[in-house]
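S.K.: The structure under discussion is supplied below as structure tokens; questions concerning it will follow.
Residue numbers (our numbering): 74 to 847.
Here it is, written out as structure tokens:
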């Protein structure tokens, strides 16, 4: 038999969702239809009982076509399974269920043979006659089967098969139906010829209409009816689906035969329109169908409740503990909002499967409610998911200052988002507002009626994103998509490893900082640059005083070394490493003051008196706090933004000025990379006096070697679209020495290539890069 089977002897092809969780919480649902009432979650059993009663009691003397309609995943196959079970369990209804599986048939010409054969099989059992037992081999019984098949077959079953053969006109299916083809052995050439001759005789020139009328008369007299279940009609190729409809309507429309077709009405109607070139496929179906039954859509609340239970259970079984109250509230909020988009049981299973697959490998690197929110969007709103996957990598770079969005890029993404989320309602899932709390940097500008992207967010908000491993965290977003951290980020274990070094040894920690400062990141800058950001986003207020003290001292000891690396150069649009390191140390000191005043005082004293990075201390650390107090510049900050008291700032200024008088400290200044900036800060610390910086400069340039070396360190840095330039600007040098003398001396050294060619070349380079203005 080809592609058909009796429902009483073989399970129906399964495609609908199963509704019971496996014992193993990581087992993915295989998307199977339920097969018993014990698995029923949405009351389909009661529906099947009443539907079975209507089917078996309906008058079908002329045949009948009933449709069970619903979207893919709505539970059509599950309902059909339960319907079959209800009819089969009632032995008094004189009804036989036949399951017909057209998707198993390769050629649409075989469909009529297979369909009629399925009904014939059922008739054969009713008539109580069976064919002779199968021979052990096809050779032993071939001639006997060929000669006896016509005589021994029950009359109605035989005539149905003969009718199917005549209508189908295919030799191979005919041989199989007649029992002349043994599965797995095949047919020898001579046997094929003899079998074909025999079966052609069976299906000779007799008029098909007359045969059908005879069959209809016999079926009408049977005190029995047949329910033929044809599931997933909408999953066939359009031409094959239309052929099945033609058979049901015109070829196999027999009395006492009820066809139940399961499909998505919209998809099947579209297939009819494409194949038959009719304007209205739904209207065409109405001519064929006597009764239609729509699968009731589960209540949205029921689907959300089910999804909620599955996700809570998954988390607890995977982690071994319950969610805290805040995390659980966020999960319930995500399901309660995006869950409104759930339409079918299959939607729930697809979401759960997606989360089951993704959660275990990244459970320590993501925020569970965000992962659930994202995967609900992935299944239920895939276009938005793809937009998010495009936006977040750019957001990660831009929010950290490593890139700037172009106007075309921002507008393109904003326009795309506006098409995806085209509603203005604040509570709509298809409005920009639905992204609040999940996707940072997205704002709706109501005044200008536009969506702004890549907006800067407060540092406290960024800290929360990083600390909670949220979807919008620059260090964690990629875990939500690719099971791995961004290539330019530390994993949590890598970050904690570096922090642990500080707890064990300040010297080892200083070495690690220097190593990070010499290692470049693909996005620009160094890994120390990134490390500062990550530490800033940690809950350092929870650190103990010892760690805060060690961190602060270590940074103060190595920042001048860090500055020597080209990777520490300021990235366009991003605050310098030196500035951000200073801000981090002050933040730690403020926390330390609140925890342990004595340790704070001791740590600040060690930083100022013993910190090895005299250039950073003078240029950045002390100067930045003096600015906040209004002692430098004219833009003081409110007192609540100060890190030190007025007395502490004055003491810090005095300590650094005294250190700058010491020979060993003055020697260190000559090694500072951004020397001009340091000399200007020295002048500011000394209440605007250039006297000491000028003296120091004169001391350093006595030899030509030191003169050239110092001028190279006085170079500025200018970045543009054409590249990076290092000019020797008059405005940077002239406050500390005579500018004309500098140029004259450079010309002299440049012209003395015989004595020192290398030094001469450097002098020529400096002359070429002189900038008189700007």
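For glycine and all other residues, C-beta sits at the position ideal for the given N, C-alpha and C.
#1: What is the DSSP secondary structure of residue 525, reduced to helix, strand or coil?
#2: Which residues in the same chain have their Cβ closer than 6 Å to the Cβ of residue 129, if we skip the five residues on either side of it in sequence?
#3: Taking the Cβ atom as the reference point for each residue, do residue 379 and residue 701 lie within a distance shorter than 9 Å?
#4: Rank 465, 396, 618, 721 by C-alpha distance to the C-alpha of residue 436 and give the top, closest one.
#5: Which residues in the same chain have their Cβ closer than 7 Å to the Cβ of residue 589, if we skip the five residues on either side of it in sequence?
#6: Does the separation of the CB atoms of residue 300 and residue 170 fall below 9 Å?
#7: Using 10 angstroms around the beta-carbon of residue 711, count the other beta-carbons present and answer buried if the total reaches 16, otherwise exposed.
#8: Alpha carbon to alpha carbon, what distance is there between residue 817 and residue 832?
#9: For residue 901 versus residue 400, is the C-beta spacing smaller than 9 Å?
#10: So what does DSSP say about residue 729, is it helix, strand or coil?
#11: Go ahead and pull the three-state DSSP assignment for residue 549.
#12: From residue 760 to residue 688, what does the alpha carbon distance come to, in whole angstroms?
#13: Would the beta-carbon of residue 448 fall within 9 Å of that of residue 421?
#14: Which runs of the alpha helix (DSSP H) fall wholly inside the region 536-606 and span at least 4 residues, in chain order?
#15: Can you give the Cα-Cα distance for residue 196 and residue 161, rounded to whole angstroms?
#16: At a cut of 8 Å, does the region 833-843 reach the region 804-820 through at least three beta carbon pairs?
#17: Among 610, 174, 611, which has the Cα closest to the Cα of residue 309?
#18: Should residue 676 be labelled buried (16 or more other beta-carbon atoms within 10 Å of its own) or exposed?
#19: So who's on the other strand from residue 124, going by DSSP bridges?
#20: Return the chain-ordered ranges of every alpha helix (DSSP H) run that is complete within the region 323-358 and spans a minimum of 4 residues.
#21: Which of the three DSSP states, helix, strand or coil, is assigned to residue 449?
#22: At what residues does the beta strand (DSSP E) containing residue 367 begin and finish?
#23: Does residue 374 pass the burial test, meaning 16 or more other C-beta atoms within 10 Å, or should it be called exposed?
#24: DSSP three-state label for residue 844, please.
#25: From which residue to which residue does the alpha helix (DSSP H) around residue 620 run?
#26: Please classify residue 140: does DSSP put it in a helix, a strand, or coil?
#27: Measuring CB to CB, does residue 330 end up less than 9 Å from residue 439?
#28: Taking the continuous alpha helix (DSSP H) assigned at residue 517, which residues delimit it?
#29: Would you mind working out which of 521, 492, 520, 530 sits nearest residue 509, comparing C-alpha positions?
#30: Suppose you measure from the CA of residue 286 to the CA of residue 229; what does that come to, to the nearest Å?
#31: Per DSSP, what kind of secondary structure is residue 838 in: helix, strand or coil?
#32: From residue 135 to residue 362, what does the alpha carbon distance come to, in whole angstroms?
#33: Between the C-alpha atoms of residue 781 and residue 835, what's the straight-line distance to the nearest angstrom?
#34: Return the CA-CA distance between residue 234 and residue 186, expressed in angstroms with no decimal places.
#35: Whose C-alpha, out of 790, 651, 621, is nearest the C-alpha of residue 664?
M.R.: From the atom records:
#1: strand
#2: 166, 168
#3: Their beta carbons are not under 9 Å apart, which means residue 379 does not touch residue 701 by this criterion.
#4: It is 396 whose Cα lies nearest to the Cα of residue 436.
#5: 599, 600, 601, 604
#6: yes
#7: exposed
#8: 15 Å
#9: Nothing can be reported for residue 901, as the shown portion of the chain is limited to 74 through 847.
#10: helix
#11: coil
#12: CA-CA distance, residue 760 to residue 688, rounds to 17 Å.
#13: no
#14: 552-555, 565-577, 579-590
#15: Going from the Cα of residue 196 to the Cα of residue 161 covers about 16 Å.
#16: yes
#17: 174
#18: When all chains shown are included, residue 676 counts as buried.
#19: According to DSSP, residue 124 bridges with nothing at all.
#20: 338-349
#21: helix
#22: Counting along the chain, residue 367 sits inside the beta strand (DSSP E) bounded by residues 364-367.
#23: Exposed, by the Cβ-count rule.
#24: Strand, per DSSP.
#25: 618-637
#26: In the displayed model, residue 140 falls within a strand according to three-state DSSP.
#27: Cβ atoms of residue 330 and residue 439: not closer than 9 Å.
#28: No alpha helix (DSSP H) contains residue 517, which is instead part of the beta strand (DSSP E) from 516-518.
#29: 530
#30: 13 Å
#31: helix
#32: Residue 135 and residue 362 have their alpha carbons spaced roughly 13 Å apart.
#33: 7 Å
#34: 7 Å
#35: Nearest C-alpha to residue 664: 621.
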